[in-house]
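The listed protein sequences correspond, in order, to chains W and Z. Quick note: the first sequence, position 156, residue 155 per numbering that gives the first Met the number 0, numbers continuous. Quick note: the second sequence, position 81, residue 80 per numbering that gives the first Met the number 0, numbers continuous. Here a beta-carbon is modelled for each residue, glycine too, at the ideal position from N, C-alpha and C.
2 protein chains.
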Amino acid sequence: MKRTSLAGDSCPVARALDVFGDWWSLLIIRDASLGRRRFGEFQASLGLAKNILATRLRTLVERGILKTVPASDGSAYQEYVLTPKGHGIFPILVALRQWTEEFDEHPDEIATIMVDRANGKPVKKLALLSQDGRVLGAADTTLKPRPAPKRARRLATA
Amino acid sequence: MKRTSLAGDSCPVARALDVFGDWWSLLIIRDASLGRRRFGEFQASLGLAKNILATRLRTLVERGILKTVPASDGSAYQEYVLTPKGHGIFPILVALRQWTEEFDEHPDEIATIMVDRANGKPVKKLALLSQDGRVLGAADTTLKPRPAPKRARRLATA
DNA sequence: CCAATTGGTTGCATTATTAAACTTCGTTGC
DNA sequence: GCAACGAAGTTTAATAATGCAACCAATTGG
């Protein structure tokens with residue numbers, strides 16, 4: 000009886016959750032995207048047990064979300080930084096943030112807002128656009144089977 | 000020693016995760032957004048234990064993500080449908096999907112793509128825009144303290 | 001060279017997840 | 001109207017994950 004893995008699932012949502020869908024990983028990634036890099040920084044910021052942090056950091060590195068680099072301050076310790084794959088999680092963090100901003104019962108408890116660094120103005124809501132530039136809601140979309148990748152003009156699956 | 004709750008956290012990402020950040024909730028919400036409504040449908044689709052499903056459905060209802068409605072087929076059973084607060088999670092599902100599409104090691108195992116219902120063409124990537132319409136990446140944004148809500152012209156926190 | 005800090009690991013208690021058996025209706029066949 | 005069946009849970013017991021505290025090794029500061 001193991002905890003069920005979603006790794007082989009065909010749904011892309013499930014596959015993403017299999018990688019960082021546990022209780023702490025997204026918060027570690029959030030911290031990393033805010034510039035935190037050291038074990039101690041994560042531990043102080045998140046207040047989670049050290050053994051759990053160690054496990055999470057290890058699996059996030061294994062899965063290519065974080066990588067370890069020599070410490071930036073010249074010390075002999077190592078630091079954890081996001082890989083490109085890890086930076087790609089940024090829109091998910093934004094979507095989570097904006098959901099809370101819109102639907103939370105106590106929005107007054109939210110400490111920060113995300114702003115455009117260039118002018119300090121709040122960013123707009125994430126927009127899902129069609130090829131021709133219309134804004135799409137959930138009802139405007141459907142799922143289709145993934146088309147077979149085009150393999151240099153040959154019989155499909157032959 | 001309880002599982003640490005993020006409910007009181009001031010970070011909007013943490014607050015969202017506190018509501019539906021566990022192993023199964025987002026998959027239940029995904030199923031609901033695909034039109035599944037019955038206990039048995041969720042159970043067959045997700046393959047999770049029935050007691051866990053029952054617990055998750057209960058807390059999602061408590062938290063205003065789902066609501067129970069009388070069965071649409073006239074039977075005496077009830078069904079679970081998304082509230083507006085639940086529908087608001089859609090962009091998060093899209094972001095998770097697009098992350099897998101971009102970064103997964105085995106994209107050939109992804110079964111579906113999201114398309115524009117109007118013309119069947121794939122949707123574009125979620126875009127984070129500034130007030131003046133520029134596309135923003137993580138590096139183009141910062142966090143600022145939330146400005147105090149304007150309360151009918153009165154002394155702040157007086 | 002000694003003490004404190006950093007970055008873990010280990011052991012144990014508590015909690016969550018799982019699968020399977022069981023219960024309770026509602027529905028269906030007759 | 002009654003027995004059989006199915007849907008929707010609940011209960012139980014085993015296993016896995018989490019949390020806390022204590023311990024430990026290497027690094028740093030003085």
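- For Gln97 of chain W, the uninterrupted alpha helix (DSSP H) run begins and ends at Phe89 to Phe102, by DSSP.
- The C-beta of Gly87 of chain Z comes closer than 7 Å to at least one C-beta of chain W.
- Per DSSP, the beta bridge partners of Val114 of chain W are W:Pro121 and Z:Thr141.
- Taking a Cβ-Cβ cut-off of 9 Å, the neighbours of Glu101 of chain Z in chain W comprise Lys84 and Gly87, given in sequence order.
- Put simply, the segment 140 to 148 of chain W touches the segment 102 to 115 of chain Z. At least three CB pairs are less than 8 Å apart.
- At a cut-off of 7 Å between beta carbons, Ser9 of chain Z contacts chain W.
- Secondary structure of Ala126 of chain Z (DSSP, three-state): strand.
- At least 7 Å separates the beta-carbon of Arg55 of chain Z from that of Val18 of chain Z.
- At a cut-off of 7 Å between C-beta atoms, Trp23 of chain Z does not count as an interface residue with respect to chain W.
- Cβ contact annotation for Arg29 of chain W (same chain, cutoff 8 Å, sequence separation greater than five): Leu92, in chain order.
- Per the DSSP secondary-structure output, Gln77 of chain Z pairs in a beta bridge with Z:Pro69.
- Around the beta-carbon of Asp72 of chain W, fewer than 16 other beta-carbon atoms lie within 10 Å, marking it exposed.
- Chain-order list of chain Z residues neighbouring Arg145 of chain W: Ile109, Ala110, Thr111 and Ile112, by C-beta distance under 7 Å.
- Considering only beta carbons, the part of the segment 45 to 61 of chain W lying closer than 8 Å to chain Z consists of Gly46 and Leu47, in chain order.
- Listed by position along chain Z, the residues whose Cβ is nearer than 9 Å to that of Ser4 of chain W form an empty set, because the closest Cβ is around 10 Å away.
- Close CB contacts of Ile88 of chain Z within its chain, under the 6 Å cut and outside five residues either way in sequence, are with Ile28 (chain order).
- Straight-line spacing of the CA atoms in Ser4 of chain W and Arg57 of chain W works out to 18 Å.
- Sequence-distant Cβ neighbours of Pro69 of chain W in its own chain, meaning closer than 7 Å and more than five residues away, are Gln77.
- Arg14 of chain W and Thr99 of chain Z have their alpha carbons spaced roughly 7 Å apart.
- Leu47 of chain W and Ala31 of chain W have their C-alpha atoms spaced approximately 15 Å apart.
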